[in-house]
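Chains as they are written, first to last, in the numbering used here: chain A, 59 to 331; chain B, 6 to 289.
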Amino acid sequence: MNKFILILLCFVIHGTVKAQKLKEVADSLYLAENYFDAVTEYKRLLFFYNDEKNKHYANFMIGNCYKQGAKYDEAIEYFSKSLLYASLDEEIFNTKILLFRVNLLRRTTQNAEQLLKEIENDYRFNDSANTINYWKGWLCIFNDKFKDAVYYFGKAGSNNELKLICENTQKQLYSLTKAKIFSYFLPGLGQFYTGEYLSGFLSLSWVVLSGYLTIDAFVSERVFDGIVLGDLLFLRFYGGNIQNTEKFVIEKNNSIINRTLKNLQENYKGIKP
Amino acid sequence: MLYMILKKCFFLLLFFTSLIYSQTNYLSPENRKLFADYLYNQDDYLRAFDEYRIYLQTFENDTVKLKIGQMLIDMKRYSEAEDYLKMLFWGSLFSEEAKLNYYLIKYKTLLPRDFRSFTGQRLYYPEKYNIYVKKLEQISYFYQSYGNPDSTIMFETFNDDSLAFRKVKEFYYRKYYPEKKSVHWAAGLSAVIPGLGKIYTKNYSDGVTAFIVNGLCAYLAYSNFNAKHLTRGWIFTGLSALFYGGNIYGSIASANIFNAKLSLDLSEEISNFFSDKNFYIPKF
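Here's what the structure looks like:
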């Protein structure tokens with residue numbers, strides 16, 4: 059009986075050693091950034107050694123390869139498969155965080171937010187509050203909420219660099235509400251606030267001129283003329299002035315945010331999505 | 006004694022089995038083929054192609070060559086696909102299938118008229134699959150902007166499939182007898198009654214708006230001049246002229262957009278329909 063068990067063990071160990079060897083080959087390709095061949099080898103591992111442990115690992119690594127190659131849809135497909143076979147809490151946590159990160163990169167931030175909520179509500183990950191807050195900070199960056207990002211990076215601790223970057227960005231951003239209120243009260247002022255002086259001056263001139271013509275019509279008791287002029291000229295220029303302000307604020311803010319993201323991408327050395 | 010010998014034999018057998026198993030090489034040609042089949046079923050053609058190619062370095066296998074040809078066509082690597090298919094033209098069981106796929110490549114790479122003249126030469130012609138080549142010929146008419154094919158031949162070619170027959174007939178009439186809108190007629194209508202050109206091009210809301218705005222501005226211009234309010238009179242005249250010109254220009258644009266959309270929608274529909282059906286070429 060002992061001999062039988064010994065031989066069976068032989069049988070199993072030989073298989074495990076082979077799987078291990080294949081895994082090492084795939085890992086070395088991954089480390090050498092040869093992602094295409096790495097995916098092939100991980101798929102080979104899945105095909106020849108199809109046990110639960112390998113299924114999780116190989117799918118997880120295939121997801122990573124696709125993530126590195128910016129093939130986010132495929133990455134999500136394989137991370138999701140990997141999650142199905144994850145048995146340890148750590149494996150589940152890491153896979154979910156990677157799913158979250160790929161969703162961020164793919165700009166499906168709603169899915170990312172949902173995933174982070176799931177992780178946060180899972181009692182098994184109570185010890186990972188700092189990591190969760192760190193990624194919440196990144197989620198806020200991708201949602202253009204730099205004020206909230208400062209808060210979460212502060213909560214995550216030891217991320218002063220990111221906190222500072224977000225604080226600086228928040229200071230540079232233009233307030234859309236403020237700009238719109240300016241334009242409501244004095245047409246053109248919103249454009250002045252964003253530094254677009256010529257556009258602001260033109261807006262003001264058109265609104266004043268069309269306003270004068272409208273009032274003049276009412277004063278001459280040509281009420282219908284006044285209504286049409288007010289609708290076709292005055293309201294068009296007044297409304298246009300507010301829309302114009304909004305457009306400038308969005309444009310300027312996008313440029314500031316893009317600059318920040320570029321800076322993060324190129325110069326930030328910590329963990330990024 | 007006999008029991009002991011049998012027991013030893015059993016363990017020896019088990020041991021050798023385990024030894025053979027452990028020495029199974031996942032990079033052996035046979036295993037590569039198995040793995041390539043798995044990748045092929047996952048539609049991972051790029052990797053499947055690599056594995057099949059290595060397998061073919063050891064074994065001759067026409068099924069694999071045909072599979073490679075079809076995969077390469079799907080990956081739009083036509084010249085490589087041609088090379089693999091040509092290997093099967095002579096002395097292979099899949100000669101006709103390879104030739105049919107070769108014609109599919111020609112269909113995809115040549116201009117419609119050139120493709121039909123190529124089929125006319127009957128070079129490497131797949132006699133067994135003659136009907137599929139005929140179908141390709143007829144489909145090619147839908148991708149050219151000139152000439153008018155014989156509708157009887159076209160409909161007869163697709164007679165064996167009711168859905169294909171119905172769709173081909175529909176595409177034929179929509180392509181060669183489209184319900185286009187005349188640009189001149191739209192402009193003329195808008196010049197006489199503002200907005201009518203837009204209504205003619207089925208742009209109803211814009212048509213009604215154009216009519217109301219033009220009428221209103223013209224009335225206000227007239228009324229202000231009558232009441233000797235010259236400044237406002239001129240403002241409304243300017244607005245009327247602007248809206249009137251815009252209404253004619255808009256009607257011309259609307260007719261052009263209508264016609265372009267008609268043609269674009271049809272092209273897209275034709276392309277999607279035949280691509281989904283793999284141009285009626287069976288996968289082997």
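We put the beta carbon where it would ideally sit given N, CA and C, even for glycine.
How would you write the range of the alpha helix (DSSP H) that residue i sits in, first residue to last?
{"i": "A:R317", "result": "L293 to N325"}
{"i": "B:A169", "result": "S167 to Y181"}
{"i": "A:S145", "result": "It is not in any alpha helix (DSSP H) - A:S145 carries neither H nor E in the DSSP assignment."}
{"i": "B:D55", "result": "Y50 to L61"}
{"i": "A:I273", "result": "Y255 to V277"}
{"i": "B:K72", "result": "D67 to D79"}
{"i": "B:W239", "result": "L235 to D281"}
{"i": "A:F282", "result": "V281 to L287"}
{"i": "A:T335", "result": "Here chain A covers residues 59 to 331 and nothing more, so residue 335 of chain A does not appear."}
{"i": "B:S122", "result": "P117 to Q126"}
{"i": "B:W190", "result": "V188 to V197"}
{"i": "A:N179", "result": "T167 to N179"}
{"i": "B:Q47", "result": "Where B:Q47 is concerned, there is no enclosing alpha helix (DSSP H), given that its DSSP letter is neither H nor E."}
{"i": "A:M119", "result": "E110 to Q126"}
{"i": "B:M159", "result": "S156 to T162"}
{"i": "B:A215", "result": "Y209 to N231"}
{"i": "B:Y107", "result": "S100 to T114"}
{"i": "A:Q249", "result": "L247 to Y251"}
{"i": "A:Y232", "result": "Neither: A:Y232 is in no alpha helix (DSSP H) and is coded neither H nor E."}
Rounded C-beta distance between residue i and residue j? I'm assuming under 8 Å.
{"i": "A:R102", "j": "A:L80", "result": "6 Å"}
{"i": "A:L234", "j": "A:E304", "result": "7 Å"}
{"i": "A:F118", "j": "A:F137", "result": "7 Å"}
{"i": "B:T206", "j": "B:K186", "result": "5 Å"}
{"i": "A:K154", "j": "A:I177", "result": "5 Å"}
{"i": "B:E142", "j": "B:R121", "result": "5 Å"}
{"i": "A:L364", "j": "A:L287", "result": "Absent from the structure is residue 364 of chain A, since the part of chain A shown begins at 59 and ends at 331."}
{"i": "B:I73", "j": "B:Y89", "result": "5 Å"}
{"i": "B:E56", "j": "B:R82", "result": "About 16 Å; that fails the 8 Å criterion."}
{"i": "A:A133", "j": "A:V160", "result": "5 Å"}
{"i": "A:P245", "j": "A:V277", "result": "About 21 Å separates the two Cβ atoms, so there is no contact after all."}
{"i": "B:Y137", "j": "B:I286", "result": "6 Å"}
What do you reckon, are the CB atoms on residue i and residue j nearer than 8 Å?
{"i": "A:N122", "j": "A:T167", "result": "no"}
{"i": "A:I314", "j": "A:Q230", "result": "yes"}
{"i": "B:L77", "j": "B:E65", "result": "no"}
{"i": "A:G269", "j": "A:F292", "result": "yes"}
{"i": "B:Q75", "j": "B:K288", "result": "yes"}
{"i": "B:T68", "j": "B:P34", "result": "no"}
{"i": "A:A214", "j": "A:N188", "result": "yes"}
{"i": "B:V188", "j": "B:N261", "result": "yes"}
{"i": "A:L174", "j": "A:I190", "result": "yes"}
{"i": "B:F241", "j": "B:N231", "result": "no"}
{"i": "B:L116", "j": "B:F123", "result": "no"}
{"i": "B:L39", "j": "B:A53", "result": "no"}
{"i": "A:Y232", "j": "A:N311", "result": "yes"}
{"i": "B:Y112", "j": "B:S145", "result": "yes"}
{"i": "B:M159", "j": "B:Y177", "result": "yes"}
{"i": "B:N219", "j": "B:Y249", "result": "yes"}
{"i": "A:F151", "j": "A:S186", "result": "yes"}
{"i": "A:E225", "j": "A:Y326", "result": "no"}
{"i": "A:Y100", "j": "A:A90", "result": "no"}
| request: Give a yes or no on contact between the region 216 to 231 of chain B and the region 253 to 267 of chain A, applying the rule of three or more CB pairs nearer than 8 Å. | output: no
| field | Members of the region 38 to 61 of chain B near chain A, C-beta cut-off 9 Å | value | L39, F40, Y43, L44, Q47, D49, L51, R52, D55 and E56
| field | Cβ-based contacts, 9 Å cut-off: residues of the region 277 to 292 of chain A near chain B | value | S278, R280, F282, D283, V286, L287, L290 and L291
| Counting pairs of beta carbons, one from the region 245 to 256 of chain B and one from the region 200 to 216 of chain B, are three or more of them closer than 8 Å? | yes
| said: Along the region 214 to 232 of chain B, where does the CB come closer than 9 Å to a CB of chain A? Name the residues. | reply: V218, L221, C222, L225, S228, N229 and A232
| query | When you check each C-beta in the region 92 to 106 of chain B against every C-beta of chain A, which residues fall closer than 7 Å? | reply | none
| field | Residues of the region 87 to 101 of chain A with Cβ closer than 7 Å to any Cβ of chain B, in chain order | value | T98 and K101
| message | Does the contact criterion of 3 or more C-beta pairs under 8 Å hold for the region 125 to 136 of chain B versus the region 98 to 113 of chain B? | response | yes
| Using 8 Å as the Cβ pair cut-off and three pairs as the minimum, do the region 295 to 315 of chain A and the region 120 to 140 of chain A touch? | no
| contact_flag[the region 190 to 210 of chain A, the region 277 to 289 of chain A] where n(CB pairs < 8 Å) is 3 or more | no
| said: If the cut-off is 9 Å on Cβ atoms, which residues from the region 258 to 275 of chain A count as contacting chain B, listed in chain order? | reply: L271, D274 and A275
| task | Compile a chain-ordered list of the residues in the region 234 to 246 of chain B whose CB is closer than 9 Å to at least one CB of chain A. | result | H234, T236, R237, I240, F241 and L244
| task | Scan the region 71 to 95 of chain B for residues whose Cβ lies nearer than 9 Å to a Cβ of chain A and list them as they occur along the chain. | result | none
| Residues of the region 164 to 198 of chain B whose Cβ lies closer than 7 Å to any Cβ of chain A, in chain order | none
| query | When Cβ atoms are compared, which residues of the region 187 to 210 of chain A fall closer than 8 Å to chain B? | reply | none
| request: Select from the region 109 to 141 of chain B all residues with a C-beta closer than 9 Å to any C-beta belonging to chain A, and list them in chain order. | output: none
| message | Please list, in chain order, the residues of the region 232 to 259 of chain A that have any C-beta partner in chain B closer than 9 Å. | response | none
| said: Taking beta-carbon pairs under 7 Å, can you tell me which members of the region 106 to 122 of chain A lie near chain B? | reply: F106
| task | Residues of the region 248 to 274 of chain B with a CB closer than 8 Å to any CB of chain A: list them in chain order, please. | result | none
| query | Relative to chain E, which residues along the region 125 to 146 of chain A have a C-beta separation below 9 Å, given in chain order? | reply | Among the protein chains in the structure shown, which are A and B, there is no chain E.
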